[in-house]
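S.K.: Counting along the sequence shown from 1, when you hit position 540 you're at 540 in UniProt numbering, and nothing is skipped either side.
Glycine included, C-beta positions come from ideal geometry on N, C-alpha and C.
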Amino acid sequence: MSDIDYQALEFAYQKHADQDCPAPASHRVVVVGAGPVGLTTALDLAQRGVRVVVLDDDYRLSTGSRAICFAKRTLEIWDRLGVGQRMADKGVSWNVGKVFFRDQEVWRFDLLPEPGHRRPAFVNLQQYYVEGFLHEAACAHPLIDLRWKSKVVGVTQRDDGVDLAVETPDGTYALQAEWLVACDGARSPVRKLLGQESHGRVFKDRFLIADVKMTADFPAERWFWFDPPFHPNQSVLLHMQPDNVWRIDFQLGWNADPVEAVKPANVLPRIRALLGPDTQFELEWVSVYTFACERMDAFRHGRVVFAGDAAHRVSPFGARGANSGVQDAENLAWKLQLVLAGAAPERLIDSYAAEREQAADENLLNSTRSTDFITPKSTASRHFRNAVLNLAREHPFARALVNSGRLSLPTAYTDSPLNTPDVDAFDGRMAPGAVALDAPVRDAAGRDGWWLSCLDGSFVLALFCGARAPAAATQAALRKLADGAVPLRIVLVGDGSAPLDAPAGCAVVYDHQGCLAQRYDARPGTCYLLRPDQHVAARRRAFDPAALAAALARALGQA
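Okay, structure coming up:
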């Protein structure tokens, strides 16, 4: 598989039996768009037993590196879907970033300073690899029907579904879907067909992306320059990618001609000024982009749900676009599966919109602030920025103001209607709405592993037991909770000082380093209810089956 040229792949159009049906074929879920977000959505739904049709109007993967920075949280989501290790193996892992002002380093930061995490803060991996790996996993899954050269040209809403018109080389045919998930990119044809728009801000600046193939001794770090000698009065970003490819972003200014800027005669001198006249390199791909920070007013419209760039778009500094889109997919998939199964009310999908609209607002705010710092539009703001950069060499308070792109972090759904508020005293790190943190654990057979691997995509009740298994009455109550209408996995967490006798149907892991208890502020008796997307739904200092049953109902949108 490693010898595949993913940029050269072309996928053959195949006529589907649906096209010859006298009446429109009906499907549970149709996903529009076979990019990272659409394929992640399809894989997540399929692993939950939902049949999915994926429609894409193209027949190739993305051209050029495009999105390259994939965050720890995204890798953890892909771990659950079975592709995380492959992404990590191929990608370039990094945790450290450096900021330069003119010709001096002013700040060095580490995005993952503590040990005990399976994944790095980020891996850099060209988008065509990401799409290729996801595509291969989708093709291997029997519940995913992927159709290329299939363009959605009509969308009509019904109370119980959506009618679609799909254009193909053999003509246009009709489909029906109970739910339509639009992951069709920033220009989203589905959004236009519904008469919807994105609103926000377009920044008057242009950046040049150049993918350069070379052998260099730069470390696997993120380097960002403000006003460097080789590109004065502008900004430059340098990132390592696999296959000896380096991403370089050059700020051009709003008056730059995007047609002229991508011509080799104009690109190559910029690269040589950065790398030096003796460095040998090849130019692989070049593009010009403009910053935009915008989102739809609402991500749900009846039975049509929007995700990824179709719903929200941010400037690339901060790696918040694709990462946020993959988190959209994870948030939506479990909710959609439970609604389709009749185990949750349809209003659970409204919580997707509420939570991911909050995440979009958070990303838009951070991206806008980053863009304003990177590309100041007034003399006063430029003086402020330069003063901050000068102070950052010596003063920690100024480093907090340096903004070369606030890098992607998962959103904590602190105001979600699915949360059960704390009634006990805890620290704030793992409050309801927070995403679960990983930690090293050991299974009952003595094998080392990771906590997030125990969270298998279902609801999980984690009970910290210390050195002793729960009493008989607690075990009976645990079994009753686990036998409810919605699958609930029970995981007992021991401290490793003595083996735990697991009740039937319960898993056991050992927090042998104490890392899990420390991160979750847990002691014997503490319990956590974790959602299928690994966000905290509720936590208690003592096991209370009635309270936990109520918290589960609330997390299902039933309360």
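#1: Identify whether E284 lies in helix, strand or coil by the three-state DSSP scheme.
#2: I'd like to know if the region 234 to 241 and the region 112 to 126 are in contact, where contact means that at least 3 CB-CB pairs between them fall below 8 Å.
#3: Just reading off the beta strand (DSSP E) that M240 is part of, what are its end residues?
#4: For A210, write down the residues that DSSP places opposite it in a beta bridge.
#5: DSSP state of S15, grouped into three classes?
#6: Under a three-way DSSP split, which group does E294 fall into?
#7: Which residue wins for smallest C-alpha separation from V54, given the options A71, V32, F306?
#8: Which residue marks the beginning of the beta strand (DSSP E) containing S93, and which one marks its end?
#9: Is it buried or exposed for P410, if we count other Cβ within 10 angstroms and need 16 for buried?
#10: Look at R295 and R320 and say whether their C-beta atoms are less than 9 Å apart.
#11: Going along the chain, which residues of its own chain have a beta-carbon closer than 8 Å to the beta-carbon of N266, five neighbours each way excluded?
#12: With A530 and V460 assumed to form a contact (beta carbons below 8 Å), what rounded beta-carbon distance in angstroms separates them?
#13: Determine, using beta carbons only, whether G35 and S62 come nearer to each other than 9 Å.
#14: Would K204 and D56 qualify as a contact pair, given that the criterion is a beta-carbon distance under 9 Å?
#15: Using the Cβ count rule (16 or more neighbours within 10 Å means buried), how would you classify H383?
#16: Which residue's Cα is closest to the Cα of V155: L275, V304, R51?
#17: Specify the secondary structure class of M1 as computed by DSSP and reduced to three states.
#18: Looking only at C-alpha atoms, which of F306, V508, V509, P169 sits nearest to A360?
#19: When you compare only the Cα positions, how much space is there between R201 and R406?
#20: Tell me the rounded alpha-carbon separation between R191 and V493.
#21: How many whole angstroms separate the CB atoms of V339 and V37, which I take to be in contact at a CB cut-off of 8 Å?
#22: Roughly how many angstroms separate the alpha carbons of V153 and D309, rounded to a whole number?
#23: Tell me which same chain residues have a C-beta within less than 7 Å of the C-beta of Y528, skipping the five on either side of it?
#24: Which runs of the beta strand (DSSP E) fall wholly inside the region 111 to 138 and span at least 3 residues, in chain order?
#25: I think residue 574 touches A555, with their Cβ atoms under 8 Å apart; what is that distance to the nearest whole Å?
#26: Excluding the 5 residues flanking M1 on each side, which residues of the same chain have their C-beta closer than 7 Å to its C-beta?
#27: Measure the alpha-carbon distance for F464 versus G525 and round it to whole angstroms.
#28: Got a sec? Which residues, its chain only, sit under 8 Å from V362 by beta carbon, not counting five neighbours each side?
#29: So, with DSSP's three-state summary, where would you put Q104?
#30: Tell me the residue span of the alpha helix (DSSP H) that contains V259.
#31: Flag this pair as yes or no: are the beta carbons of A444 and A502 separated by less than 9 Å?
#32: Would R541 and D424 qualify as a contact pair, given that the criterion is a beta-carbon distance under 9 Å?
#33: Within 10 Å of its beta-carbon, does D278 have 16 or more other beta-carbons around it, so buried, or fewer, so exposed?
#34: Could you check where the alpha helix (DSSP H) with V37 kicks off and where it finishes?
#35: Quick check: the Cα distance between S93 and R222, rounded to an integer number of angstroms?
#36: Skipping 5 residues on each side, what residues in its chain have a beta carbon closer than 7 Å to that of R66?
M.R.: Judging by the given coordinates:
#1: strand
#2: yes
#3: 235 to 241
#4: I248, V286
#5: Going by the sequence as given, residue 15 is Lys instead of Ser. Coil at K15, not helix or strand.
#6: strand
#7: V32
#8: 92 to 94
#9: buried
#10: no
#11: E260
#12: Here the sequence assigns Leu to residue 530, which means Ala is not the residue at that position. Yes, they are in contact, since the Cβ atoms of L530 and V460 sit about 4 Å apart, within 8 Å.
#13: yes
#14: no
#15: exposed
#16: V304
#17: At M1, the pLDDT of 44 sits below 50, so the modelled position is not reliable and the matter cannot be decided from this model.
#18: F306
#19: 18 Å
#20: 46 Å
#21: Not quite, the Cβ-Cβ distance comes to about 20 Å (not below 8 Å), so this is no contact.
#22: 19 Å
#23: A462, Y520, V536, R539
#24: 122 to 124
#25: Because the chain is modelled from 1 through 559, residue 574 falls outside the range shown and cannot be assessed.
#26: Low local confidence applies: a pLDDT of 44 at M1 is under 50, so the model's placement there is unreliable, with the coordinate-based value given in what follows. Excluding residues within five positions, none has a Cβ falling inside 7 Å.
#27: 6 Å
#28: Reading off the sequence shown, one finds Glu at residue 362, where the question assumed Val. Closer than 8 Å at the Cβ level, and outside the excluded window around E362, lie T411.
#29: strand
#30: 258 to 261
#31: yes
#32: yes
#33: exposed
#34: 36 to 47
#35: 11 Å
#36: Q127
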